[in-house]
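These notes concern the structure reproduced below.
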């Protein structure tokens, strides 16, 4: 186990790169030079042509100056995959890391060439764990073709050659050739069989804490996000949609805004209208002033209080059993009962870059510029919206200013294509922050009830869990979930790691008119809050320390115990704290990774919560870039901390109340404590995800720490809604 060392990934700002053109045909933009003169350039546009003399395979293009362009099929939204995935390829290729340049792979090429990039959707913390093997294979394929090209030129056996730092070596004759000299010949080589890929003990690059390749252009402002796109003759669009989900325009008076300066058109879109202008500000102001009468429907009579009551009531209704072992009813009747009900609200994704898309429908074709988590699906959506064949669509993927699941389904793309088709110009459509917040696809609301019985040994003899939660698949229209059990609804519950005696997990899928979708860590978010809070409640009822109570329930699970024990050691668990301060612990496995977190906080007599320290222990099996792991755990903690302390989307008269960061508060620097990350890697065949697993433990760790500090138990989030005053008035 080890803590992450930042020192080996320091940035150097000694020089800049000149702007030049790559052989891939894209503009290459320079940035600060990280590490040992490693100068990053990232192409503005994905390469969309067919194979050239310099392309070894679909993933790798080697230029005459030894620049190695590695195509990245996943989307970079801050999680570091523009570094991690090239590292995997470079590990096998044997190139000089300082010569590596990442660029986005083309969704259009993926369509044309029978999914040559395998998977392009980014989500489920799967970029590394689901792509690693075929990325290694791509690097190994290119390496072997380079070797065979060199061997043929030298007329020696390929087995007598080796690769090192971007060169093929023939040590017996002291000869070498650079990759750039061999690329054209290597591109023509056909392998009789694919070479074997390395195993973890053979890695020399994977596992090193390397500076992220996307950091320099982001620091200089040269990185291209969707919102940065500018095109000749481009116009702008702002949208206004029905405040109540599912509503539509009953009537509107576009004459009230058509005479305004710069206003070009008012275009109908699903559920609303888009105002088009020569400037975005003019479009936005006109959209706000546009007189619209909405047909809101019966959902306008709903609100969050009604939803809260309905979800709790649903727990007493029909349910489908997702998991069962033993005789739960008998055990519950005999032991010491511990019951609790937990509630979690809808949450917004709230990415810092609001949703936006630039589209150009012309000459029977569609071009789209945006940051999307799913270029393949975006391509299909654009084709459908424009009424063209998918082969006539080009998706120019950009960096994403936050995704968290929201940019996996691109409502803004459909709107932009619709408007561009209507006005015959390239259109940049941008959602305002308010539109983004009030027309999100939210984390599902949930009510989760636990009933447990403790045996004479103080350990659970039975646990019965019932969860009522929104179905993401039904909300997205992806399926009816005929069996009544959606995997994300019960993840972390149906597969809980704890020894529980008899167990039964029941699922009630309950949707309202509020659209729900994947939110960072999906069902593990609310389920870990409930389960890890309840484990603490059982520990208190049994008169046991929460850490040691968990140890007993995790007996026989060495990977969990290693994380738990590291967590206790590094967090000073058991060390006395002053009055009004407390520590809380939680551990959860999601996306193949176990993360434990301890929160240390203080609650003032007036009820103000100050999180002072977070310690995390992580087992994801293996690590590509330890620095990225640390960054992602910190990011996940802050994201989850925001939700635990403040996060809540409420409904009044069918519409979302919150509209911006003044009433949908997120954790700021003043709210963010020091965060320590410790790796406890179990190795073996385990390759867990890292983008999301740090989020689920933070809410229960916070709530358990508040209980330790004040004796007050929080069963409904966010924390801000609970009166935590404990001192003299």
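Numbering (UniProt numbering), first residue to last: 1 to 729. Idealized CB from N, CA, C, for every residue including glycine.
Taking the straight line between their C-alpha atoms, what separation do you get for residue 516 and residue 87? Locating residue 516 in the chain shown gives position 516, where the first residue counts as 1. Locating residue 87 in the chain shown gives position 87, where the first residue counts as 1. The alpha-carbon atoms of residue 516 and residue 87 are separated by roughly 35 Å.
For residue 327 and residue 454, I'd like the C-alpha separation in whole angstroms. As a first step, residue 327 must be located in the chain shown, where it is residue number 327. As a first step, residue 454 must be located in the chain shown, where it is residue number 454. For residue 327 and residue 454, the distance between alpha carbons rounds to 14 Å.
Which of the three DSSP states, helix, strand or coil, is assigned to residue 187? As a position in the chain shown, residue 187 is number 187, starting the count at 1. Of the three classes helix, strand and coil, the one that applies to residue 187 here is coil, per DSSP.
Please report the distance separating the alpha-carbon of residue 341 from that of residue 450. Residue numbering aside, residue 341 sits at position 341 when the chain shown is read from its first letter. Residue numbering aside, residue 450 sits at position 450 when the chain shown is read from its first letter. The alpha-carbon atoms of residue 341 and residue 450 are separated by roughly 6 Å.
So the beta strand (DSSP E) residue 353 belongs to, where does it begin and stop? Numbered from its first residue, the chain shown carries residue 353 at position 353. From DSSP, residue 353 is part of no beta strand (DSSP E); its letter is neither H nor E.
Specify, as a first and last residue, the run of the alpha helix (DSSP H) that residue 703 falls within. By one-based count along the chain shown, residue 703 stands at place 703. Where residue 703 is concerned, the enclosing alpha helix (DSSP H) stretches over 698–710.
Flag this pair as touching only if the stretch 245–255 and the stretch 383–393 have three or more C-beta atom pairs under 8 Å; answer yes or no. no
Element boundaries [alpha helix (DSSP H), containing residue 573]: The residue you call residue 573 lines up with position 573 of the chain shown. Counting along the chain, residue 573 falls outside any alpha helix (DSSP H), and DSSP gives it neither H nor E.
Let me check understanding here. Comparing Cα to Cα, which of 320, 363, 95, 414 lies closest to residue 179? For the purposes of this step, residue 179 is taken as the residue at position 179 of the chain shown. Answer by Cα proximity: 95.
Got a sec? Which residues, its chain only, sit under 6 Å from residue 561 by beta carbon, not counting five neighbours each side? Looking up residue 561 in the chain shown gives position 561. Cβ within range, chain order: 554.
Within a Cβ cutoff of 6 Å, which residues of the same chain sit near residue 722, ignoring the five residues on either side of it in sequence? For this step, residue 722 is matched to residue 722 along the chain shown. So the qualifying residues of the chain are 714.
Where does residue 392 fall in DSSP's three states? Within the chain shown, the letter at position 392 stands for residue 392. Of the three classes helix, strand and coil, the one that applies to residue 392 here is helix, per DSSP.
Would you check if the distance between the CB atom of residue 469 and the CB atom of residue 446 is smaller than 7 Å? Indexing the chain shown from 1 puts residue 469 at position 469. Indexing the chain shown from 1 puts residue 446 at position 446. In this structure, residue 446 lies closer than 7 Å to residue 469 by Cβ.
Rounded C-alpha distance that separates residue 699 from residue 689: Against the chain shown, residue 699 aligns to sequence position 699. Against the chain shown, residue 689 aligns to sequence position 689. Going by the C-alpha atoms only, they are around 20 Å apart.
What do you get for residue 271, buried or exposed, if any count of 16 or more other CB atoms within 10 angstroms of its CB means buried? Taking the chain shown and counting its residues from 1, the one referred to as residue 271 is at position 271. Counting Cβ neighbours within 10 Å, residue 271 comes out buried, since at least 16 surround it.
Counting Cβ pairs, one atom from each stretch, are 3 or more of them under 8 Å apart for the stretch 118–129 and the stretch 364–376? yes
Kindly give me the distance between the Cβ atoms of residue 277 and residue 264, rounded to whole angstroms, as I take these residues to be in contact under 8 Å. Sequence index remark: in the chain shown, residue 277 carries index 277 (1-based). Sequence index remark: in the chain shown, residue 264 carries index 264 (1-based). Indeed they touch by this definition, with Cβ atoms about 6 Å apart.
Look at the alpha carbon of residue 665 and the alpha carbon of residue 606, and state the distance between them as a whole number of angstroms. Here the question's residue 665 lines up with position 665 in the chain shown. Here the question's residue 606 lines up with position 606 in the chain shown. Distance between the alpha carbons of residue 665 and residue 606 is about 20 Å.
Using the Cβ count rule (16 or more neighbours within 10 Å means buried), how would you classify residue 717? Residue numbering aside, residue 717 sits at position 717 when the chain shown is read from its first letter. The residue is buried, with at least 16 neighbouring Cβ atoms inside 10 Å.
Between the Cα of residue 558 and those of 683, 544, 613, spot the shortest distance and give me the residue it belongs to. Indexing the chain shown from 1 puts residue 558 at position 558. The shortest C-alpha separation from residue 558 is found at 683.
Helix, strand or coil: which one does DSSP assign to residue 454? By 1-based counting over the chain shown, the position of residue 454 is 454. Here residue 454 sits in strand by DSSP.
Using the three-state DSSP reduction, which class does residue 137 fall into: helix, strand or coil? Taking the first residue of the chain shown as 1, we reach residue 137 at position 137. Helix.
Can you tell which of 336, 432, 586, 319 has the C-alpha that lies nearest to the C-alpha of residue 507? Here residue 507 corresponds to residue number 507 of the chain shown, with the count starting at 1. The shortest C-alpha separation from residue 507 is found at 319.
In angstroms, rounded to a whole number, what distance separates the CA positions of residue 217 and residue 84? On the chain shown, residue 217 is found 217 positions in, with the first residue counted as 1. On the chain shown, residue 84 is found 84 positions in, with the first residue counted as 1. Going from the Cα of residue 217 to the Cα of residue 84 covers about 17 Å.
Give the range of the beta strand (DSSP E) segment to which residue 264 is assigned. Position 264 of the chain shown holds residue 264. Taken as a continuous stretch (DSSP letters only), the beta strand (DSSP E) holding residue 264 covers 263–269.
Within the same chain, show all residues whose beta-carbon is closer than 6 Å to that of residue 567, passing over the 5 residues directly before and after it, in chain order. Residue numbering aside, residue 567 sits at position 567 when the chain shown is read from its first letter. Hits under 6 Å: 596, 598, 617.
With DSSP run on the structure shown, which of helix, strand or coil describes residue 721? As a first step, residue 721 is located in the chain shown; it is residue number 721 there, counting from the start. Residue state, collapsed to three classes: helix.
Decide if residue 142 is buried, meaning its Cβ has at least 16 other Cβ atoms within 10 Å, or exposed. Taking the first residue of the chain shown as position 1, residue 142 is located at position 142. It is buried - the Cβ of residue 142 has at least 16 other Cβ atoms within 10 Å.
Option in 82, 168, 487, 72 with minimal Cα separation from residue 106: Within the chain shown, residue 106 is the residue found at index 106, counting from 1. Residue 72 is the option with its Cα nearest to residue 106.
Expressed to the nearest angstrom, what Euclidean distance is found between the alpha-carbon atoms of residue 339 and residue 356? As a working note, residue 339 is residue 339 in the chain shown. As a working note, residue 356 is residue 356 in the chain shown. Their Cα atoms are separated by approximately 46 Å.
Separation of residue 514 from residue 583, as counted between CA atoms: By one-based count along the chain shown, residue 583 stands at place 583. By one-based count along the chain shown, residue 514 stands at place 514. Spanning the two alpha carbons is a distance of roughly 36 Å.
Does DSSP put residue 675 in a helix, a strand or coil? Position 675 of the chain shown, counting from 1, holds the residue named residue 675. If DSSP states are grouped into helix, strand and coil, residue 675 belongs with the strands.
Proximity of residue 186 and residue 145 at Cβ, strictly below 7 Å: Position 186 of the chain shown, counted from the first residue, corresponds to residue 186. Position 145 of the chain shown, counted from the first residue, corresponds to residue 145. Result yes, Cβ atoms of residue 186 and residue 145 sit closer than 7 Å.
With a cut-off of 8 Å on the beta carbons, I'd call residue 692 and residue 644 a contact; round off their distance for me. For the purposes of this step, residue 692 is taken as residue 692 along the chain shown, with counting starting at 1. For the purposes of this step, residue 644 is taken as residue 644 along the chain shown, with counting starting at 1. About 15 Å separates the two Cβ atoms, so there is no contact after all.
Alpha carbon to alpha carbon, how far is residue 68 from residue 194? As a first step, residue 68 must be located in the chain shown, where it is residue number 68. As a first step, residue 194 must be located in the chain shown, where it is residue number 194. Computed Cα separation, rounded: 21 Å.
Whole angstroms is fine: what's the gap from residue 613's alpha carbon to residue 641's? The count along the chain shown starts at 1 and reaches residue 613 at position 613. The count along the chain shown starts at 1 and reaches residue 641 at position 641. One C-alpha to the other measures close to 12 Å.
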